[in-house]
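Inspection log for the structure reproduced underneath, given as structure tokens.
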Amino acid sequence: MSLDKESVQKALGQVRYPGYSRDIVSFGLVKGIEVTLEGKVSVGLAVTSADPEVPKKLYAEIEAALQAIGAKNPEIAITVTVPKGTPPPAGAPAANAKLPADAGVGKVKHIIAVASGKGGVGKSTFAVNLACALARALSDQGRPGKVGLMDCDIYGPSVPLMIGVNGRPMLDGDTLIPLENFGVKVMSMGLLIDADAPVVWRGPMIMKTISQFATNVRWGELDVLLIDLPPGTGDAQLSIAQAMALSGAIIVTTPQTAAVAVALRGAAMFEKVGVPILGVAENMSFLEGADGSRQYLFGQGGGLKVATALNTVLLGEVPLDQTIRVGGDHGIPVVISHPDSNPARVFRSVGLTVLQGLEKQA
0 MSLDKESVQK ALGQVRYPGY SRDIVSFGLV KGIEVTLEGK VSVGLAVTSA DPEVPKKLYA
60 EIEAALQAIG AKNPEIAITV TVPKGTPPPA GAPAANAKLP ADAGVGKVKH IIAVASGKGG
120 VGKSTFAVNL ACALARALSD QGRPGKVGLM DCDIYGPSVP LMIGVNGRPM LDGDTLIPLE
180 NFGVKVMSMG LLIDADAPVV WRGPMIMKTI SQFATNVRWG ELDVLLIDLP PGTGDAQLSI
240 AQAMALSGAI IVTTPQTAAV AVALRGAAMF EKVGVPILGV AENMSFLEGA DGSRQYLFGQ
300 GGGLKVATAL NTVLLGEVPL DQTIRVGGDH GIPVVISHPD SNPARVFRSV GLTVLQGLEK
360 QA
């Protein structure tokens, strides 16, 4: 294989930054590539990291990648800048490390978990529209850009599609810069992997990723950070509930009896770790006809039943409406695309209720 800058850059594009699924080229870390007529390859990188293991790992992986395309004894220069005020770690964290207590979201006033006991209840759809409703409400109060949405559904990250963000987040040193749309800052596994790439990870890797979303993302000053939890009550949900300073949790369910039973079990986890339930949201409550008549396709009163059992409020009943699905498919949530529709009014009402509840906590 003949060596040129293009082939070298392609090889470097296979080198992942330690701890991330994104490569060093797309992160903008490669500052120079030179290939002489004799085939001598020189590569320059600029890295900001407090971890001395990072440049070591990068050097070894870059060397292996270049040797694989025929570069003999490549010259690799890595300039390392240590972030100010950040002492070098004593060692790399264990792969099975738990989420650090009070994980690095110190400039966030309120962290709210959006949870469901089971999948298929529209939790992510609800989280995306609630985030947009909160952003709009805070913007009306003169506080734009004060809402974040952390997609912790690592295996099935659908938030980027639903809120209309794509592309890779930029990296500033060890810190990811969240993407933003409709006044909501977003971080998701879906932004770090290819659309058709499966996430085949065990629990420790999931927890490491969620930890990075909390500690290595520049959320900035936020009034509210919503965490879209994976469905169920596994290690990820429990660790977040125990370690992050949650202001509360919102339980999403459908009216269906099976969903109600599972929602109650999911809510019990938050109660056990002392996280208050801010309320229950019932999704897919009814199908409304043109004449105003309602068909309760999944039963009726399930959300109220959950709220009553948990001694909390029913935040709202979101109808089964095509505009919600279309908005999610096209990356323009119904709160934005059809602000005067019944579903949008429900989401805005839920958002105002949540903000009022948070004000009482302050």
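Every letter in the sequence shown is one number past the one before it in numbering that gives the first Met the number 0, and letter 25, counting from 1, is 24.
The beta-carbon is built from N, C-alpha and C at its ideal position, and this holds for glycine as well.
Asked	Found
Could you pull the DSSP bridge partners for T252 from this structure?	E281
Closest to L148 by CA distance: which of V164, V185, S115, A134 is it?	V185
Classify P143 as buried or exposed, calling it buried when 16 or more other Cβ atoms lie within 10 Å of its own Cβ.	exposed
Nearest to E52 by alpha carbon, out of K4, Y16, P73, Q211?	Y16
Near A102, which residues of its chain fall below 8 Å by C-beta distance, leaving aside the five closest residues on each side in sequence?	Reliability of the predicted coordinates at A102 is poor, the pLDDT of 47 falling under 50, and no value is obtained from them.
What beta strand (DSSP E) runs, 3 residues minimum, are completely inside the segment 207-239?	221-227
Rounded to whole angstroms, what is the Cα-Cα separation between G27 and K106?	27 Å
My output table needs one value for A49: the three-state DSSP class, helix, strand or coil.	coil
Could you check the C-alpha separation between G301 and P229 for me, to the nearest Å?	21 Å
Ordered along the chain, which non-local residues of its own chain (more than five positions away) have a Cβ less than 7 Å from that of A308?	L263
Suppose you measure from the CA of D152 to the CA of M188; what does that come to, to the nearest Å?	8 Å
Answer yes or no: do I250 and V279 have a C-beta to C-beta separation smaller than 8 Å?	yes
For the segment 134-193, which segments carrying the beta strand (DSSP E) assignment without a break, of at least 3 residues, lie completely within its bounds, in sequence order?	146-150, 178-180, 183-187
Please report the distance separating the alpha-carbon of V113 from that of G356.	15 Å
May I have the straight-line CA-CA distance separating Q8 from R135, to the nearest angstrom?	43 Å
For G315, report the span of its beta strand (DSSP E) as first-last.	313-316
Leaving out five residues on either side along the sequence, give the residues of the same chain with a beta carbon under 7 Å from the beta carbon of D290.	none
Among I331, D3, H337, which has the Cα closest to the Cα of E37?	D3
G273: buried (16+ other C-beta within 10 angstroms of its C-beta) or exposed?	exposed
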